[in-house]
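**Q** In the working numbering, each residue carries its 1-based index in the sequence shown increased by 57. C-beta atoms are modelled at their ideal positions from N, C-alpha and C, and glycine is treated no differently. Quantities reported herein were computed from a predicted structural model and do not represent experimental measurements. Have a look at this one before I ask anything.
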Amino acid sequence: MHTFGQMIEHGHERVCFHHDAETGLRAIIAVHSTTLGAALGGTRRWHYATEEEAIFDVLRLSEGMSHKAACANLPMGGAKSIILLPKHGHVATEAEARAMGRFIETFSGDYIAAEDVGLNPQFIDWMAMETNHVMGGETVSTGGDPSPFTARGTFNAMKACLRHQGNEPTFSGLTVAVQGLGHVGMDLCSILNSEGAHLHVADIHEGRVTEATEAFGAKAVDVSNILQAKCDILAPCALGAVIGPDEIRRLNTSILCGAANNILVDPERESIALAERGILYAPDFVANAGGLIWLAGLHLGYDREELDRRNVEIETTTLEILDASTAYQSTHHAAIAVAERRYAAGPMTGKEPIHAS
Ligand code: NAI
């Protein structure tokens, strides 16, 4: 489908392409929605096989950011940007980052960039030398790595899943399988371990697995088996699009709640199949909102107490969506309905109560 067709179908406001002759930077910024406020979303550096693939990715990711902000009741819109690398492993330079910063600056604050795959706080700080509209650096901009807050929020969403199933939100004796032991996955394991959960873990980097087995007594599982691990909660914390129809048939969990963005290959279809199999799915953009709450909250001037309170509220928001899902085809559809109600209500002040209904 052509770009305008996709924009119209998914409600995107603005998609901008940029080429910087000096550095060769090729980048796209997609602003899905500024209805609720300025649009925040990470910058991804990635090598895409085709331009179509890149455009599809940035449109899909930016839409997800709008839903995430809306469900977290933040007065923020949703956007995403991508830097199209000429090849995998293309080395990041200050000149490239600063060229991206100048591109972001042309949005005059309607778009606020942050970290995503392929970026680190240094890159963010280089971008921040050219624009104030970037979060997540350590020296020039603020916020740092939001992963610990994402992990805490995902844990809070897991508590909501347990409550929805009629259980106490305690983890002692429960088995949680974690796919991906990166920034978020490892922190999540640390929290779960301190709460008494048994951990089954997998990562393509053996060193990460060893770290988790030694630190948390986790059981190492082969990467090809982790999604089928027998567990109470399965937490994908690696890449997106890991759960499709085949995986759903073979899942051995009663709860699917992870931090990865776009866990389901086709959320509309897979969310219904999960409901039919009786597997409780915490919509990813609700469960992984902790990092956004942290960076958007700092941007909005929230103090630490307010930031922590909003992270804790992920449990209430998730529970309300899960409880409301009986009136919808799935928990995903229930979450989208919350986001759409928020867009329809229009611009926000940031003082609104956080709860979802
Ligand atoms: P990361 O890059 O630090 O960690 C990802 C980990 O997954 C790495 O250790 C990698 O080796 C592992 N991995 C990759 N493919 C794998 C496979 N097939 N099987 C097992 N392990 C595999 O990324 P980070 O920051 O921890 O994010 C994880 C997920 O959460 C991503 O999908 C990201 O988009 C999402 N997310 C992250 C947020 C954050 O605050 N960092 C916020 C919201 C979502």
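Give me whichever residues DSSP pairs with residue 96 in a beta bridge.
**A** The residue you call residue 96 lines up with position 39 of the sequence shown. Answer is 134 and 168, bridged to residue 96.
**Q** Which residues are close to the ligand NAI, meaning CB closer than 6 Å to any heavy atom, in chain order?
**A** 203, 204, 207, 236, 237, 238, 239, 240, 241, 242, 259, 260, 261, 262, 265, 280, 294, 295, 296, 297, 316, 317, 318, 345 and 348
**Q** Let's see if you can read the secondary structure: which residues bound the alpha helix (DSSP H) around residue 272?
**A** Here residue 272 corresponds to residue number 215 of the sequence shown, with the count starting at 1. 263–273 is the span of the alpha helix (DSSP H), which, as asked, contains residue 272.
**Q** Quick one: what does DSSP say residue 496 is sitting in, helix, strand or coil?
**A** Lying before the first or after the last residue shown, residue 496 is absent from the chain, which here runs from 58 to 414.
**Q** Are residue 292 and residue 197 closer than 7 Å when you measure CB to CB?
**A** Position 235 of the sequence shown holds residue 292. Position 140 of the sequence shown holds residue 197. No; because the gap between Cβ atoms is not below 7 Å, this pair is not in contact.
**Q** For a quick check, are the C-beta atoms of residue 203 and residue 348 less than 7 Å apart?
**A** Reading the sequence shown from its first residue, position 146 is the one you call residue 203. Reading the sequence shown from its first residue, position 291 is the one you call residue 348. A contact, by the Cβ cut-off of 7 Å.
**Q** Please return the same chain residues whose Cβ sits closer than 6 Å to the Cβ of residue 321, not counting the five positions on each side in sequence.
**A** Position 264 of the sequence shown holds residue 321. So the qualifying residues of the chain are 300 and 327.
**Q** Which term fits residue 290, buried or exposed, when burial requires 16 or more other beta carbons within 10 angstroms of its beta carbon?
**A** As a first step, residue 290 must be located in the sequence shown, where it is residue number 233. Its Cβ being crowded by 16 or more others within 10 Å, residue 290 is buried.
**Q** Buried or exposed: which applies to residue 148, given that a residue is buried once 16 or more other Cβ atoms fall within 10 Å of its Cβ?
**A** Position 91 of the sequence shown, counted from the start, is the residue given in the question as residue 148. Exposed is the call here.
**Q** Just list the residues that DSSP pairs residue 198 with in beta bridges.
**A** For the purposes of this step, residue 198 is identified with residue 141 of the sequence shown, where counting begins at 1. For residue 198, which the question treats as bridged, DSSP gives no partner whatsoever.
**Q** With DSSP as the reference, label residue 320 as helix, strand or coil.
**A** Taking the sequence shown and counting its residues from 1, the one referred to as residue 320 is at position 263. Residue state, collapsed to three classes: coil.
**Q** Take residue 394 and list the residues in its own chain whose beta-carbon comes closer than 7 Å to its own, dropping the five residues that flank it on each side.
**A** The count along the sequence shown starts at 1 and reaches residue 394 at position 337. Excluding residues within five positions, the ones whose Cβ falls inside 7 Å are 385.
**Q** When we look at the beta-carbon of residue 223 and count the other beta-carbons within 10 Å, is it buried (16 or more) or exposed?
**A** Position 166 of the sequence shown holds residue 223. Residue 223 is exposed by the Cβ-count criterion.
**Q** Expressed to the nearest angstrom, what Euclidean distance is found between the alpha-carbon atoms of residue 216 and residue 227?
**A** Residue numbering aside, residue 216 sits at position 159 when the sequence shown is read from its first letter. Residue numbering aside, residue 227 sits at position 170 when the sequence shown is read from its first letter. Inter-residue distance for residue 216 and residue 227 is about 7 Å (C-alpha atoms, whole angstroms).
**Q** May I ask which residues mark the beginning and end of the alpha helix (DSSP H) holding residue 63?
**A** By 1-based counting over the sequence shown, the position of residue 63 is 6. Segment 60–67, the alpha helix (DSSP H) holding residue 63.
**Q** Between residue 97 and residue 330, how many whole angstroms is the CB-CB distance? I'm expecting something under 8 Å.
**A** Walking along the sequence shown from the start, residue 97 turns up at place 40. Walking along the sequence shown from the start, residue 330 turns up at place 273. So it is not a contact: roughly 32 Å between Cβ atoms.
**Q** Do you know how far the Cα of residue 101 is from the Cα of residue 174?
**A** Translated into positions along the sequence shown, residue 174 becomes position 117. Translated into positions along the sequence shown, residue 101 becomes position 44. Near 5 Å, if we compare the C-alpha coordinates of residue 101 and residue 174.
**Q** Whole angstroms are fine: how far does the CA of residue 154 sit from the CA of residue 128?
**A** In the sequence shown, the residue the question calls residue 128 occupies position 71. In the sequence shown, the residue the question calls residue 154 occupies position 97. Cα to Cα, residue 128 sits roughly 31 Å from residue 154.
**Q** Enumerate in chain order the residues of its own chain whose CB-to-CB distance from residue 156 is below 6 Å, with the five nearest sequence positions on each side excluded.
**A** Taking the sequence shown and counting its residues from 1, one reaches residue 156 at position 99. Excluding sequence neighbours, residue 156 sits near 77, 80 and 82.
**Q** I need the boundaries of the alpha helix (DSSP H) containing residue 353, first residue and last residue.
**A** Taking the sequence shown and counting its residues from 1, the one referred to as residue 353 is at position 296. Unbroken alpha helix (DSSP H) run through residue 353: 347–357.
**Q** Going by alpha carbons, who is nearest to residue 297 out of 312, 316 and 396?
**A** In the sequence shown, residue 297 corresponds to position 240, counting from 1. It is 316 whose Cα lies nearest to the Cα of residue 297.
**Q** Can you give me the Cβ contacts of residue 103 inside the same chain, cut-off strictly under 7 Å, excluding the 5 residues immediately before and after it?
**A** Taking the first residue of the sequence shown as 1, we reach residue 103 at position 46. Excluding sequence neighbours, residue 103 sits near 139, 142, 174 and 175.
**Q** Rounding to the nearest angstrom, what Cα-Cα distance links residue 190 and residue 287 in this structure?
**A** By 1-based counting over the sequence shown, the position of residue 190 is 133. By 1-based counting over the sequence shown, the position of residue 287 is 230. Taking the straight line joining both Cα atoms gives about 44 Å.
**Q** Out of curiosity, what's the CA-to-CA distance linking residue 402 and residue 107?
**A** Residue mapping note: residue 402 aligns to position 345 of the sequence shown, counting from 1. Residue mapping note: residue 107 aligns to position 50 of the sequence shown, counting from 1. Approximately 38 Å between the Cα atoms of the pair.
**Q** Cβ of residue 133 versus every heavy atom of the ligand NAD: is any distance shorter than 6 Å?
**A** The model on display carries the ligand NAI but not the ligand NAD.
**Q** What separation, rounded to the nearest whole angstrom, lies between the Cα atoms of residue 413 and residue 208?
**A** Reading the sequence shown from its first residue, position 356 is the one you call residue 413. Reading the sequence shown from its first residue, position 151 is the one you call residue 208. Residue placement at residue 413 is poorly supported in this model, since its pLDDT is 48, which falls under 50; the coordinates still yield a value, given next. Taking the straight line from one Cα to the other gives about 21 Å.
**Q** How far does the alpha helix (DSSP H) with residue 73 in it reach, from first residue to last?
**A** Residue mapping note: residue 73 aligns to position 16 of the sequence shown, counting from 1. Counting along the chain, residue 73 falls outside any alpha helix (DSSP H), though it belongs to the beta strand (DSSP E) covering 71–76.
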